[in-house]
Amino acid sequence: MSDLYLGLISGTSADGIDAALVRFDDGPARLVFGRTYPWDPMLRAQLVALGQQGASLSLDAIAELDVRVARAFAEAANLALADSGTPAHAVRAIGSHGQTLRHRPWGPYPFTLQLGDPSTIAERTGITTVADLRRRDIAAGGHGAPLLPGLHAALLHAADEDRAVLNLGGIANLTLLPARGEVHGFDTGPANALMDAWTLRHLDQAFDQGGAFAAGGRVDQGLLGRLLDDDWFTQPPPKSTGRDHFHLGWVEARLRGDEAAADVQATLNALTARTVATALQASQPGTRRVIACGGGVHNPVLMAALAAALPDAIVESTAAHGIDPDHVEAMGFAWLARQTLLGLPGNLPSVTGAAGPRVLGGLYPA
98 MSDLYLGLIS GTSADGIDAA LVRFDDGPAR LVFGRTYPWD PMLRAQLVAL
148 GQQGASLSLD AIAELDVRVA RAFAEAANLA LADSGTPAHA VRAIGSHGQT
198 LRHRPWGPYP FTLQLGDPST IAERTGITTV ADLRRRDIAA GGHGAPLLPG
248 LHAALLHAAD EDRAVLNLGG IANLTLLPAR GEVHGFDTGP ANALMDAWTL
298 RHLDQAFDQG GAFAAGGRVD QGLLGRLLDD DWFTQPPPKS TGRDHFHLGW
348 VEARLRGDEA AADVQATLNA LTARTVATAL QASQPGTRRV IACGGGVHNP
398 VLMAALAAAL PDAIVESTAA HGIDPDHVEA MGFAWLARQT LLGLPGNLPS
448 VTGAAGPRVL GGLYPA
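Add 97 to a position in the sequence shown, counting from 1, and you land on the number used in the numbering used here.
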């Protein structure tokens, strides 16, 4: 049987649907093909507005959106197969993350909700689909995130130095890989989500190309202090978050009102670097190498801020280790699909806080 899987994810920034074909025949994971497919602009705008808590929908509209997102995911999967010359029957399963609508793994009724009906994906691709990969961990008392530290450990652990893998998606999260000892991981706070939203509002661009918007401003130390004065940052792990906490309304509530737009962008950039560095120094102070992936890797201003905030560590891209930084997350959901089909746990309780290892997700046959 083929050991080829297809991972699909749209992250917190909803900047595209990442598709990764991953083979597991000769190691923990090998990327065969990866590409990001754009959202329909109107659908993306609706998803971003919902994530920013800037819109509300009826139950019927949410159900329809679930199918629309699934159709977009299925189209991305079929395009990835066509673009890579891979027949559908060669893929054992799709691992679909979906698009997060809400993530609230606390309170008396913790939940997480991802859009993208997996039955629709299985029907439109003809490939068995594994989805709903976060809720079982939450049912077991965990945060349902981060879910990729197991793959990070398989790909990037080293026996001679303490390492951390830093995912710079819409939200930043760390996987701690000590040379000896247990793997840990947690979200550290916003990465691209706030900067992308601020850039879209002020430049009408989806993201800060090359970090130029932030580079044109100065860090507002007063604003930075008000942003950092959020109790979430001082909560101990396990912890996770999303756009439903860190959205533009959260930023606006902390503005005086006379800030230059570029200064706010520079401050949001500094917020990411500061919160990552503070969390890493508190949790694994001996870290010697920080290996970054996700869209933030392409922002030289952010990467420079991280390097300055972590002077005792090498800050580099996963590309230095032969792994495309743009497709690590999608690779992870291919890996999670394989774990599920093999009846193996996909979560690490030391990361999520769940009561124990759990086989994740639901299976939707072709």
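Each residue gets a CB set at the ideal place from its N, CA and C atoms; glycine is no exception.
Treat the numbers as computed from the prediction; the structure is a model and nothing was measured.
Between the CA atoms of residue j and residue i - distance to the nearest angstrom
| i | j | result |
| --- | --- | --- |
| GLY450 | ALA237 | 9 Å |
| TRP136 | ASP257 | 42 Å |
| PHE330 | TRP203 | 15 Å |
| MET98 | LEU320 | In this predicted model, MET98 has a pLDDT of only 48, less than 50, meaning its place in the structure is not dependable; the value taken from the coordinates is given anyway. Using only the alpha carbons, I get a separation of about 56 Å. |
| ALA146 | LEU324 | 22 Å |
| ILE191 | PHE343 | 30 Å |
| LEU457 | ALA357 | 45 Å |
| GLN306 | GLY266 | 15 Å |
| SER216 | ARG385 | 44 Å |
| ASP112 | GLY278 | 36 Å |
| LEU178 | ASN444 | 28 Å |
| ALA255 | ALA276 | 6 Å |
| PHE170 | LEU162 | 12 Å |
| ALA62 | ARG298 | What the structure shows of the chain is the stretch from 98 to 463, and residue 62 is not part of that stretch, so it cannot be assessed. |
| LEU105 | GLY195 | 7 Å |
| ASP123 | LEU156 | 46 Å |
| SER181 | LEU433 | 22 Å |
| ALA174 | PRO205 | 37 Å |
Of the residues the options, the one placed nearest residue i, counting alpha carbons only
| i | options | result |
| --- | --- | --- |
| VAL394 | ALA250, GLY443, HIS240 and HIS424 | HIS424 |
| HIS186 | THR225, ALA379 and ARG168 | THR225 |
| GLU426 | LEU271, VAL398, GLN332 and ARG232 | LEU271 |
| GLY453 | PRO442, MET292, ALA463 and PHE343 | PRO442 |
| SER110 | THR364, ALA374 and TRP295 | TRP295 |
| ILE218 | SER193, ALA406 and HIS281 | SER193 |
| PRO422 | ARG132, PRO125, SER155 and THR384 | ARG132 |
| GLN72 | VAL412, VAL129, ALA116 and ALA142 | Here the chain covers residues 98 to 463 and nothing more, so residue 72 does not appear. |
| LEU253 | GLY113, LEU273 and SER181 | LEU273 |
| ALA376 | ALA431, ASP328 and GLY286 | GLY286 |
| ASP234 | ARG455, GLY459 and GLY391 | ARG455 |
| THR372 | PHE283, VAL361, LEU352 and LEU300 | PHE283 |
| PHE304 | PRO333, LEU365, ASP328 and PRO334 | LEU365 |
| LEU40 | TYR461, GLY354, GLY419 and ALA463 | This structure leaves residue 40 out entirely; the chain is present only between 98 and 463. |
Cβ-Cβ distance between residue i and residue j below 7 Å
| i | j | result |
| --- | --- | --- |
| ALA367 | VAL316 | yes |
| GLN378 | ASP259 | no |
| SER337 | HIS240 | yes |
| PRO397 | GLY314 | no |
| VAL227 | THR437 | yes |
| HIS249 | SER447 | no |
| LEU263 | VAL387 | yes |
| VAL188 | LEU300 | no |
| ASP100 | PHE121 | yes |
Simplified DSSP state of residue i, which is helix, strand or coil
| i | result |
| --- | --- |
| ARG127 | strand |
| ALA288 | coil |
| THR272 | strand |
| SER337 | coil |
| VAL145 | helix |
| ARG455 | coil |
| LEU439 | coil |
| PHE343 | coil |
| ARG323 | helix |
| HIS299 | helix |
| ASP328 | helix |
| VAL119 | strand |
| ILE106 | strand |
Within-7 Å CB hit, residue i to chain B
| i | result |
| --- | --- |
| ALA255 | This model lacks chain B altogether, as it is built from one protein chain only. |
Problem set entry | Contiguous alpha helix (DSSP H) assignments of at least 4 residues, all confined to the stretch 153-233 | 156-181 and 215-222
For this session: Run through the stretch 229-266 for me and flag every whole alpha helix (DSSP H) of 4 or more residues, listed as ranges in chain order.
Result: 232-236 and 246-253
Exercise. Counting only runs that start and end within the stretch 389-416, where is the alpha helix (DSSP H) found for 4 or more residues in a row?
Worked result: 397-406
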